[in-house]
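Q: Would you mind keeping the following structure in view while I ask a few things?
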Amino acid sequence: MPLNDYEIEHNQTVRTLAPECTLLLRSDGSFPLEAPCRIALFGNGARNTLRGGTGSGDVYSREITGIEQGLAEAGFTVTTKKWLDDYDALYAAAKDEWRTNLKKGKRGFAAIMSAMGSAMPEPDYDLPIDYDGYAAVYVVSRISGEGMDRTEARGDMRLSETEIRDIQALDKKFEKFLLVLNVSGVIDLSEIPDVRNILLLSQIGAQSGLVFADLLLGRSYPSGKLSTTWSALEDYCPIGEFGNQDDTRYLEGVYVGYRYFDSVGVKALFPFGFGLSYTAFDIQTTDVTADGTTVQARAHITNMGGFRGKEVVQLYVSVPSGKLDQPYQALAAFAKTPELAPGESCDVTMRFAMEDLASYDVDDQAYILEPGSYILRVGSSSVDTQAEAEVVLDRQVTVRRAKAVLGSCGFKDWAPCVPTDACEDPAPRTLRIDAEAFTTVETSPAPAGDIPTIVKQMTDEELCLVNIGNISGGFLSVVGNASNKVAGAAGDFTSAFVDRGFPLTVTADGPAGLRISREYVVDKKGVVQPIGNDKLTIIGDALPKSIVALSDRFARRPKRGETVHEQYCTMIPIATAVAQSFNVQVAEALGDIVGSEMERFGVDLWLAPALNIHRNIRCGRNFEYYSEDPLLSGKMAAAVTRGVQAHSGCGVTIKHYAANNQETNRYKNNSLVSERAMRDIYLKGFGICVREAAPKAAMTSYNLVNGVRTAEHKGLIERILRDEFGFNGVVMTDWIVHPMFKGGKYAEPQSWKIAKAGGNVVMPGSKEDYKVLVEGLKTGLVSREQLEANAAVMYRLAKELNETRDA
1 MPLNDYEIEH NQTVRTLAPE CTLLLRSDGS FPLEAPCRIA LFGNGARNTL RGGTGSGDVY
61 SREITGIEQG LAEAGFTVTT KKWLDDYDAL YAAAKDEWRT NLKKGKRGFA AIMSAMGSAM
121 PEPDYDLPID YDGYAAVYVV SRISGEGMDR TEARGDMRLS ETEIRDIQAL DKKFEKFLLV
181 LNVSGVIDLS EIPDVRNILL LSQIGAQSGL VFADLLLGRS YPSGKLSTTW SALEDYCPIG
241 EFGNQDDTRY LEGVYVGYRY FDSVGVKALF PFGFGLSYTA FDIQTTDVTA DGTTVQARAH
301 ITNMGGFRGK EVVQLYVSVP SGKLDQPYQA LAAFAKTPEL APGESCDVTM RFAMEDLASY
361 DVDDQAYILE PGSYILRVGS SSVDTQAEAE VVLDRQVTVR RAKAVLGSCG FKDWAPCVPT
421 DACEDPAPRT LRIDAEAFTT VETSPAPAGD IPTIVKQMTD EELCLVNIGN ISGGFLSVVG
481 NASNKVAGAA GDFTSAFVDR GFPLTVTADG PAGLRISREY VVDKKGVVQP IGNDKLTIIG
541 DALPKSIVAL SDRFARRPKR GETVHEQYCT MIPIATAVAQ SFNVQVAEAL GDIVGSEMER
601 FGVDLWLAPA LNIHRNIRCG RNFEYYSEDP LLSGKMAAAV TRGVQAHSGC GVTIKHYAAN
661 NQETNRYKNN SLVSERAMRD IYLKGFGICV REAAPKAAMT SYNLVNGVRT AEHKGLIERI
721 LRDEFGFNGV VMTDWIVHPM FKGGKYAEPQ SWKIAKAGGN VVMPGSKEDY KVLVEGLKTG
781 LVSREQLEAN AAVMYRLAKE LNETRDA
């Protein structure tokens, strides 16, 4: 079937923007190529190029172009088709064996859910690589996804023995050799230190092959920067725990990512903010000024090379340590230049508020700025900077008072001894800001809204129904494929009261675009029925072929006379790649694509963006998250939110709130985190997104924080999200699947506790959730007033989305 006009337009937009999400890790000037040529193409991602992650991370695009196809369409002659064919056969046999081993000892529902996120490590093999070509490309692919963390094994986070052997041999054989990383997250490249050219393509959606061909020929150029530190596995912070079954202690405190590397003097292979292009730039800071409590830095950037490009200028601040220990530096602002031709220059301006540098002091129950010199560093990465100014604060300032509400983690955060040679750099400018310039903000309860008449008139039982998503959901609700209005959408809520003027709200998953069914019919009752087997793709490709075949056999097929409707969506780059652009305009434009398709297909809430922190590179879901840095995460999420919500009747759902940083035992794991680390690192991005873009909804996470489930945590939901951040939208749970919560150390979530904490709706909902909530209301565990307040928020959002779309 030919593509629709919107598909063509959106694919072209992604093709234009995606190069900004890519970057060179190494370059000797061999690329780009001047023209299409004979090319030797190798690697597991050459033909089976990965466009994104597994699980809820998939999107059903009509047109998917891998690297082999993209090169062919660009006029290249691939000389290694036999190698690619032989590899496919070898890989298929290895995958069959892997699937068989994966399902051993697992039965029933648990066997199905355990397949989520499972990824087969790259196998070893012995295929000859004696092929000719003007240039050679080796594509390493790695996938990860919801439900499973990555491992440090070869073929996963480490290169396989075969990959190391072949990559090194090809780099020596070919004058022009390029290693391409089509990966979801960090892999250890320390074993191939001499490879001359490495492109981090990342996973940039369904147009990956065409984007790569454009990059290879210089029709476009990489201009991204790393949003997470890349290094040898043994270089990463060993302090905090990861992957524990019951309790995971965030012992490292605020020393996450580059904050750890810089503070202890560990040199990363490729530091945060690093990225090469086809050219080089000179950055000169021309001015630093302060206006009240706002600091502004101007920089002059010149393209010093022979190719056009864009540069990212980054501003870091070293905050003085006093009562509170501080990392060596933290990102405070960034700016990306427009395209600069060789020899061309431009000026950029970066601003930040001093208040945004404040840290939470649990003793003072406040965010504070301590006295001393705040060193401003400007450059092209976290390690390539110059100290350009110091801002002197003469006494402590209380920025905001906010009660500690997150409980005790049971330990004191680790703090490093900062290397003496990293403490002080001479700064050519000194600015002074008087403490009197600051105003202390007092955190007070968010104002309670009026209760609409429709809510007041509901019976107790009806009110409980509103607080539960859909009590009749089954397996399709579990896998996020249960909407009765939009085929393949994750689920609906308040469907029981549409005839009384309470609009239905439709939610759809997919962090890199909408995950809804490609095709559907409408039955005689007016209910949408997805065609085919799209619902199984959330499980990934780990299901045995027999189960897939059985599901295909019973999948819905169109009947005679039924009209088949299409709803193909555009897959945009994964969140990590979006953050690598360091360009909020790119992020907003990608959000605009999603919002446009939400309007087209009738989706009210997109269950994204996700802005959890890359705390540990082993997290299987990091590809859905932006960065190890909360400022970059928040800015990118805010930009995507603006892009989506510029469309009438469309809203986003920021998630997973909060401290959802591992997939291991994700339903039952307790994140033990200090109040300061939560506020300075793990919650900060959420606050930025809420204040800058006003997302319509938020989703809590599965895990607990300091012994309390996030969905049942009044401190997280009411005190911080609503009172401090100013959020006024709907708070929903992640998709609660009760069988997955049973057993273990901690009790499963209870719908009355969720409602009492200020959670507006339990998703996807079940009869069990409804019964528990009704009983909780009858016995006084939760009040009718609380349920009315919860329902009122849902009603206001539903009316807003419905009326603006119809306007």
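With full-length UniProt numbering, letter number 671 in the sequence shown gets 671, and the count goes up by one each step, no holes. We put the CB at the ideal spot given by N, CA and C, even for glycine. Because the structure is a prediction, the values reported are computed rather than measured.
#1: Return the residue from the list S231, I167, T279 that minimises the CA-CA distance to S27.
#2: Assign T420 to one of three DSSP states: helix, strand, or coil.
#3: Of all the options W606, L178, K81, which has the alpha carbon lying nearest to the alpha carbon of S30?
#4: Using the Cα positions of T420 and S263, report the straight-line distance between them to the nearest angstrom.
#5: Quick one: any contact between the segment 699-717 and the segment 734-750, if contact means 3 or more CB pairs under 8 Å?
#6: Buried or exposed for M458, going by 16 or more other Cβ atoms inside 10 Å?
#7: Tell me whether E712 sits in a helix, a strand or coil according to DSSP, three-state version.
#8: Out of P503, Q662, G469, D58, which one is the CA nearest neighbour of G602?
#9: On the criterion of 16 or more Cβ atoms from any shown chain inside 10 Å, does residue 816 qualify as buried, or is it exposed?
#10: Should N101 go down as buried or exposed, given a rule of 16 or more other Cβ atoms within 10 Å for buried?
#11: Rounded to whole angstroms, how far is the Cβ of L71 from the Cβ of A213, which I believe are closer than 8 Å?
#12: According to DSSP, is C569 part of a helix, a strand, or is it coil?
#13: Can we count A446 as close to the ligand ATP, meaning its CB is less than 8 Å from some heavy atom?
#14: Would you mind sorting P371 into buried or exposed? The rule is 16 or more other CB atoms within 10 Å of its CB.
#15: On the DSSP bridge list, what partners appear for R784?
#16: At what residue ranges does the segment 239-298 contain a whole run of the alpha helix (DSSP H), taking only runs of 4 or more?
#17: Buried or exposed: which applies to N4, given that a residue is buried once 16 or more other Cβ atoms fall within 10 Å of its Cβ?
#18: Could you check if D629 is buried or exposed, using at least 16 other CB atoms within 10 Å of its CB as the buried criterion?
#19: Which residue's Cα is closest to the Cα of I433: K403, T453, V397, V441?
#20: May I ask which residues mark the beginning and end of the alpha helix (DSSP H) holding L210?
#21: Mark C569 as exposed unless 16 or more other C-beta atoms lie within 10 angstroms of its C-beta, in which case mark it buried.
#22: According to DSSP, which residues form a beta bridge with N182?
#23: With a cut-off of 8 Å on the beta carbons, I'd call S596 and H647 a contact; round off their distance for me.
#24: If we count Cβ pairs, one from each stretch, closer than 8 Å, do we get three or more for the segment 246-253 versus the segment 620-628?
#25: Quick check on C417: buried or exposed, where buried means 16 or more other Cβ atoms within 10 Å of its Cβ?
#26: Quick one: using the 10 Å Cβ neighbour count with 16 as the cut-off for buried, is M304 buried or exposed?
#27: Could you tell me the distance, in whole angstroms, from the CA atom of E122 to the CA atom of L23?
#28: So A587 and V578 are in contact, right, with Cβ under 8 Å, and what is the actual spacing, rounded?
#29: Measuring CB to CB, does A658 end up less than 9 Å from A693?
#30: By a C-beta neighbour count over all protein chains shown, 10 Å radius and 16 as the cutoff for buried, is I198 buried or exposed?
#31: Taking 9 Å as the cut-off, decide whether the C-beta atoms of W414 and I681 are in contact.
#32: Indicate whether D363 and K323 have their beta-carbon atoms separated by less than 9 Å.
#33: Who are the Cβ neighbours of G407 in its own chain at under 7 Å, not counting the five residues just before and after it?
#34: If you drop the 5 nearest sequence neighbours on each side, which residues of the same chain put their C-beta closer than 8 Å to that of N670?
#35: Since L276 contacts L465 with CB under 8 Å, what's their CB separation in whole angstroms?
A: Checking against the coordinates, here is how it stands:
#1: T279
#2: Here the model assigns T420 a pLDDT of 43, short of 50, so the residue's position is not dependable and the matter cannot be decided.
#3: L178
#4: Low confidence applies to T420: its pLDDT is 43, below 50, so where it sits in the model is not reliable, and the reading given next is rough at best. Each residue's Cα considered, the two are about 10 Å apart.
#5: yes
#6: buried
#7: helix
#8: P503
#9: Residue 816 lies beyond the range of the chain shown here (1 to 807); nothing can be said about it.
#10: exposed
#11: 5 Å
#12: coil
#13: The ligand content of the structure shown is nil, which means the ligand ATP is not present either.
#14: exposed
#15: DSSP, once it has assigned bridges, lists no residue as partnering R784.
#16: 258-264
#17: exposed
#18: buried
#19: V397
#20: 208-217
#21: buried
#22: S141
#23: 6 Å
#24: no
#25: exposed
#26: exposed
#27: 24 Å
#28: 5 Å
#29: no
#30: buried
#31: no
#32: yes
#33: N706, G707, V708
#34: D246, D247, T248, N703, L704, V705, N706, G707, K745, Y746
#35: Not a contact, Cβ separation roughly 56 Å.
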